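29 is the number of the first residue of the sequence shown in the working numbering; add one for each residue after it.
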Amino acid sequence: MGNDVDGTAKDTLRQAEEEVITLASELIRIDSTNTGDPDTVVGERAAAEYVAAQLADVGYDTTYVESGNGMKGRGNVFARLEGADPSRPALLVHGHLDVVPADASEWSVHPFSGAVQDDYVWGRGAVDMKDMVAMTLATARRLKRDGIVPPRDIVFAFLADEEAGGMHGAQWLVDNRPELFDGCTEAIGEVGGFSITVKDGVRAYLIETAEKGIAWMRLRVRGRAGHGSMLTDDNSVTRLSEAVARLGRHRFPLVMTDSVREFLAAITELTGLEFPEDDIDGAVAKLGGLARIIGATLRDTANPTMLNAGYKANVIPSSAEAVVDCRILPGRQPAFERELDEILGPDVEREWIANLPALETSFDGPLVDTMSASIMAEDPGAKVVPYMLSGGTDAKAFDRLGIRCFGFAPLKLPADLDFSALFHGVDERVPVEALQFGTRVLDRFLRHS
Ligand SMILES: [Zn+2]
C-alpha cells in the first residue's frame, strides 16, 4: 500500500489542487491544434516542452521523443516514478497533448484563452484532454515533491497526434520505441472516470473498459465510361450511390457486449429504468446526453462520409468512390464483414484505409478496486460502472503491447452539464471543482495502485 497522508502531505495536496487550475489554463493557451494534415499541425512541441519543464522542475528525468518519418515537432514526453516494489509491473498513465481545431467566431471566449471564469476553465482541450494532462502533472509533481513512493513504478506519457490516429504519437511509439513502455501491464487514460447524476443526486462514475473498433473503408465501383447524352446500363455513379444508400440506411443487429450489459444492469439497479431487448433504443434514449455514446455501442455502425466521382457534367466516369466510417463492436469484425458483403453485393470493391480493432477488458481486479475506492473516498455513495466508448483513443495502440487499458480521468460533474457534447464542441470547458476533485482522486489512486 502507498504512504499515508500526514499533515504536511495534505498541505502539498492542497497545493496540487491549486496548481491544476493554472496547469490546465496554461496548457489550453498553447494552441496544439491537430488538423490531421501534417503541414498545418502546430504547438505539440511547445506543449510537450511545457510538460517536460513542469516535470523537471520537481526533479523528474524526462525523455523527449519526436516521431521519425521526417516529421518535426510531434513531441512526446515520458517520465518514470519508481515504486516500492520493483518486482511488480508498472502502471502507465497517458494523456494526449493535441486538440482538434476550434473556430473562435463560434465561441463565447477565445478557444485558446484558457480563461478561468464562472467556476470553469474554458478552451479547446478543457475536457479532451488537457484536463487530465493537468491533473496528471499536478499529481506527478506532488508525489515527487513529497518524496512519496508509490507501490509500483508509474510511467507518465504525454503524447502527440491522438486526434489524427496517433501515427506520430502512441501508434508510432509502440512500433518504434516499445522500450519506453517496459514493464507496463495496465494503463489509465481518457475517456472515463466522469460522473453522471442518475437519481436524487446519486452519481455513477463511468469507467471505460471497452472501445469500438475504427474501420475506414473505401468503396469503388467500376463501370463503362461514356457520353452523358447517351443510354447506358453501366453507370458507376448510379451503382455506387445505390450501394452507399443501402449501407447508410442499414441497421446492424443489436449485440450485447459484456461492458454494455454491465452498464445497463448498473443503471437499472440505480434508477429502476429497464432496458427491454425489444425497445432498447427507446430506453437508452432516456439517458440524456449520454445516449449519443451508449446508443452507438449497441450495434455496429457504417456511416458514409465521403463521395468522389466524375470530372465533367457530360462525361459518365469509369469509376466512382466513397468512404465509409465503420465502427465495429468487440468480436464482431468477421460477422460485420460478411454482412457488409451481402449489402454491397459483388460489384462493389472495398478496402480498409484504416482498421484499428476494438478492445474490451473485464471490470474486475485490484486496479478496478482501487479506482472504485479512490472515487468513493471523495464521493461517498457514488457507484462506479463500466462502459464502452463508441470512439477510439490511444489505448488502441497500447493494447497491442498487451497492456490492459482503462479510461479513468476522474471528474465530478454538475448534474445539468451535457458533458459528452463538450468533446470537440463549442465552448468546451471543465468545472474548476471537477479538476480539483480529479486531482485528489488521482493522487489517492496512484498512491495505492
Ligand atoms: Zn481525446
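Glycine included, each C-beta is placed from N, C-alpha and C at the ideal position.
As the structure is a prediction and not an experimental result, all values here were calculated from the model.
Contact test: residue i Cβ vs ligand 1 heavy atom, cutoff 7 Å
i: Met399; result: no
i: Glu482; result: Residue 482 lies beyond the range of the chain shown here (29 to 477); nothing can be said about it.
i: Met416; result: no
i: His255; result: no
i: Glu72; result: no
i: Asp156; result: yes
i: Thr167; result: no
i: Thr329; result: no
i: His124; result: yes
i: Thr164; result: no
i: Thr63; result: no
i: Glu190; result: yes
Residue interval of the alpha helix (DSSP H) (run including residue i)
i: Met163; result: 158–173
i: Leu292; result: 286–299
i: Arg276; result: Inspection of the sequence shows that residue 276 is occupied by Gly rather than by Arg. Note, Gly276: alpha helix (DSSP H), 264–277.
i: Ala80; result: 72–85
i: Ala423; result: 423–427
Endpoints, beta strand (DSSP E) assigned at residue i
i: Glu94; result: 90–94
i: His124; result: 118–124
i: Gly241; result: 241–250
i: Thr225; result: 222–227
i: Thr333; result: 329–337
i: Gly217; result: 212–217
i: Ser347; result: 347–356
i: Ala185; result: 182–187
i: Leu417; result: 411–417
i: Phe434; result: 432–435
i: Gly103; result: 103–109
Length of the line joining the Cα atoms of residue i and residue j
i: Val265; j: Leu335; result: 10 Å
i: Cys79; j: Thr329; result: According to the sequence as given, residue 79 is Val; it is not Cys. Each residue's alpha carbon lies about 37 Å from the other.
i: Glu47; j: Pro332; result: 44 Å
i: Cys433; j: Arg267; result: 42 Å
i: Ala81; j: Phe209; result: 21 Å
i: Gly373; j: Leu275; result: 11 Å
i: Ala462; j: Leu439; result: 5 Å
i: Leu109; j: Pro178; result: 8 Å
i: Val412; j: Ala337; result: 49 Å
i: Pro101; j: Thr325; result: One point to set straight first is that residue 101 is Gly, not Pro, in the sequence displayed. Rounded to the nearest angstrom, the two C-alpha atoms are 35 Å apart.
i: Val93; j: Asp471; result: 26 Å
i: Ala132; j: Trp150; result: 12 Å
i: Asp89; j: Ile431; result: 24 Å
i: Asp540; j: Asn263; result: The structure shown does not extend to residue 540, since the chain is modelled only from 29 through 477, so no value can be given for it.
i: Phe426; j: Met399; result: 20 Å
i: Leu50; j: Val343; result: The displayed chain sequence assigns Thr, not Leu, to residue 50. Cα to Cα, the separation comes out at about 59 Å.
Buried/exposed call for residue i, threshold 16 Cβ in 10 Å
i: Tyr478; result: As displayed, the chain neither begins before 29 nor continues past 477, which places residue 478 out of reach and without an answer.
i: Gly30; result: With a pLDDT of 43 at Gly30, under the threshold of 50, the modelled position of that residue is not reliable, and the figure given next carries that caveat. Buried, since its Cβ has 16 or more Cβ neighbours within 10 Å.
i: Trp380; result: exposed
i: Met258; result: exposed
i: Phe345; result: Looking at the sequence itself, residue 345 is Pro, so the reference to Phe does not match. With 16 or more Cβ atoms within 10 Å of its Cβ, Pro345 is classed as buried.
i: Val10; result: The chain is shown from 29 up to 477; residue 10 falls before or after that span and cannot be answered.
i: Gly241; result: buried
i: Arg252; result: exposed
i: Arg360; result: buried
i: Thr296; result: exposed
i: Glu207; result: exposed
i: Lys485; result: The question about residue 485 has no answer, for the chain in this structure spans 29 to 477.
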